[in-house]
Amino acid sequence: MIAFHVTTKDYEEGTLYSIESFEGLSYYHQSLIEPEQRCINDVIDACRPHGAPSRKKCFYTFGQQEDCLGFVNNLEGYKIYQVEINTEVPHPMYLIDFINRHRNVVYSLASVYWDPTYADRFSVKEYIGTEMCIISRINLPPNNCIDRSLMIMKYGDDRQLCYQLCRQMGIQI
Numbered sequence: 003m004i005a006f007h008v009t010t011k012d013y014e015e016g017t018l019y020s021i022e023s024f025e026g027l028s029y030y031h032q033s034l035i036e037p038e039q040r041c042i043n044d045v046i047d048a049c050r051p052h053g054a055p056s057r058k059k060c061f062y063t064f065g066q067q068e069d070c071l072g073f074v075n076n077l078e079g080y081k082i083y084q085v086e087i088n089t090e091v092p093h094p095m096y097l098i099d100f101i102n103r104h105r106n107v108v109y110s111l112a113s114v115y116w117d118p119t120y121a122d123r124f125s126v127k128e129y130i131g132t133e134m135c136i137i138s139r140i141n142l143p144p145n146n147c148i149d150r151s152l153m154i155m156k157y158g159d160d161r162q163l164c165y166q167l168c169r170q171m172g173i174q175i
């Protein structure tokens, strides 16, 4: 699938990268060092379908370039690449933030992350895979204020959807 990857790393166009040979840790993977974050991802990974990549060892991408631009507060130091990633399965990105804020729901909502029928209802989707091929580096705009504002609005919609899912599933927050 064609997707977009935001990073501080330099990648070579036309190169296939495998998470197995990936050197260094991304900012997200470094955050897994904290026990509470690691526990959440352990529970979510325990619910993953056979063959699905681990959230702790994968590349993260967005389906839309605008979501990459909206994801970071300040574009300085970041690069965006158009990539081909070895997945087509969307996952609700905000659900992870929601679980981090309401840790008591992790066991109830972990399987929702892996269910594509739920992901389709969310505005911001992430695609995770173990390999990505760099197609091209995207030229960054002078600023990302509009994309950042749109991402905040999408996240607000997804936050409401998480609360709605909890009510529908009888989950107390």
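So the sequence shown is numbered by my numbering: it starts at 3 and just counts up by one.
Think of the CB as a built atom: it goes at the ideal place given N, C-alpha and C, for glycine as much as any other residue.
Everything numeric in this text was worked out from a predicted model, so none of it was measured.
Annotation: ASP69 to LYS127 spans about 9 Å, alpha carbon to alpha carbon. Apart from sequence neighbours up to five positions away, the residues of its chain that approach VAL107 with a beta-carbon distance below 8 Å are PHE100, ILE101, CYS168, ILE173, ILE175, ordered along the chain.
Around the CB of ARG105, fewer than 16 other CB atoms lie within 10 Å, so the residue is classed as exposed. With contacts defined as CB atoms closer than 7 Å, ALA121 and HIS93 qualify as a contacting pair. Straight-line measurement puts the Cα of ILE140 at about 32 Å from the Cα of CYS164. Three or more beta-carbon pairs drawn from the segment 69-81 and the segment 142-162 are found closer than 8 Å, and the two stretches are therefore classed as touching.
As DSSP reads the structure, ILE87 sits in a beta bridge with MET134.
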